[in-house]
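Before any comments, here is the structure.
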DNA sequence: CATAGATGGTACGGATTTGAACAACTCTGC
DNA sequence: GCAGAGTTGTTCAAATCCGTACCATCTATG
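Residue numbers (our numbering), protein chains in the order written: chain A, 1197 to 1349; chain B, 1197 to 1349.
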């Protein structure tokens, strides 16, 4: 099935290369926009976004790390930066004294609002608008499958 | 056309999130395999791969940086590391004395051979095998379009 | 030729990331 | 209760990455 010995077929290679290039380029574009419009890095933005999506605008560090898919130590660093900038606040957790809540502040929410239109624009221009409706649907299905499988390891 | 004010539609959001997740996860998987099987980082692997694909197994630093899509200074660092490991050699360029050739050594070629089967396996298992033939073709077309457009900026 | 402007590569300081080690706390089974 | 195993978040040093400034060389133009 997966025949490691031989090179990929042309269509396979083409898809792989395109995937790698496109993700690099898109990520770079996103990064640039976030930095320009709000001085945020991509991981910082992701953190704020998840917090806003969470119950009570807060989340425990571990869960946050899992969602954003970054290491614990990296999250510690990011949250420290965000806290320093006043966009997030740390709070001790009553029920489990190991845990710590990272909570979005109003300033953090405002920062999110500020960069979000530009972010949407990048997402649309870079990816969404390049795909037809059918392609988009197929795309979503296929990559969701890919991601789910990799997560289940 | 690109309506920044409103959130993405569900199908759009789904495709975007899947894309982001999948690229993170795949990249992580690739990184892990390369490190495990040959002590290489992903950028290092990319550099070696491009060199092998080039005329005379060598390329000028600038061209290499463009191909691998990393900054000049980052490439300087990577090549220094690779040189230290004996996988790449730097040579002055006769015709243009500003330029420097980065050249794949036999050891570099061997290192590539060593990790490549595992790399192919990851690429297949993580992406290729998850897609039908039609999906694969569509995928290649769409993402090539996306990448080309972003490069033309 | 002279010279201004581009191009190729490196150096360097500061920021970020990694991975392992650690301390504090919770949970489980006995 | 309690030893041992697992979880949570941080710390630390080392590795990597980024952006800018910089020097050397090339090229085009007058």
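Where a beta carbon is used, it is the ideal one built from N, C-alpha and C, also for glycine. Since the model is a prediction, treat every value here as computed from it, not as a measurement.
Quick one: is residue i near chain B, going by C-beta distance under 9 Å?
{"i": "residue 1305 of chain A", "result": "no"}
{"i": "residue 1222 of chain A", "result": "yes"}
{"i": "residue 1203 of chain A", "result": "yes"}
{"i": "residue 1352 of chain A", "result": "The requested residue 1352 of chain A is not part of the displayed model; chain A covers only 1197 to 1349."}
{"i": "residue 1214 of chain A", "result": "yes"}
{"i": "residue 1210 of chain A", "result": "yes"}
{"i": "residue 1237 of chain A", "result": "no"}
{"i": "residue 1246 of chain A", "result": "no"}
{"i": "residue 1298 of chain A", "result": "no"}
{"i": "residue 1313 of chain A", "result": "yes"}
{"i": "residue 1254 of chain A", "result": "no"}
Please confirm whether residue i and residue j have their CB atoms less than 9 Å apart.
{"i": "residue 1230 of chain A", "j": "residue 1237 of chain A", "result": "yes"}
{"i": "residue 1214 of chain A", "j": "residue 1336 of chain B", "result": "yes"}
{"i": "residue 1322 of chain A", "j": "residue 1225 of chain A", "result": "yes"}
{"i": "residue 1283 of chain A", "j": "residue 1240 of chain A", "result": "yes"}
{"i": "residue 1256 of chain B", "j": "residue 1295 of chain B", "result": "yes"}
Taking CB distances under 9 Å as the criterion, tell me whether residue i reaches chain A.
{"i": "residue 1227 of chain B", "result": "no"}
{"i": "residue 1319 of chain B", "result": "yes"}
{"i": "residue 1322 of chain B", "result": "yes"}
{"i": "residue 1250 of chain B", "result": "no"}
{"i": "residue 1162 of chain B", "result": "No statement about residue 1162 of chain B is possible, as the shown extent of chain B runs from 1197 to 1349 and does not include it."}
{"i": "residue 1293 of chain B", "result": "no"}
Contact list for the stretch 1326–1346 of chain A against chain B, Cβ threshold 7 Å
1326, 1327, 1331, 1332, 1333, 1334, 1335, 1336, 1338, 1339, 1340, 1341, 1342, 1343, 1345, 1346
So within the stretch 1247–1334 of chain A, which uninterrupted beta strand (DSSP E) runs reach at least 3 residues, ignoring any that extend past its ends?
1254–1256, 1284–1288, 1296–1300
Counting pairs of Cβ atoms below 8 Å between the stretch 1340–1347 of chain A and the stretch 1313–1323 of chain A, do you hit three or more?
no
For the stretch 1256–1288 of chain A, list every residue whose C-beta sits within 7 Å of some C-beta in chain B, in sequence order.
1265
Using 8 Å as the cut-off, can you tell me whether the stretch 1327–1339 of chain B makes contact with the stretch 1205–1222 of chain A, which would need three or more C-beta pairs spanning the two stretches below that distance?
yes
Quick check: the stretch 1296–1312 of chain B against the stretch 1236–1250 of chain B, are there 3 or more CB pairs under 8 Å?
yes
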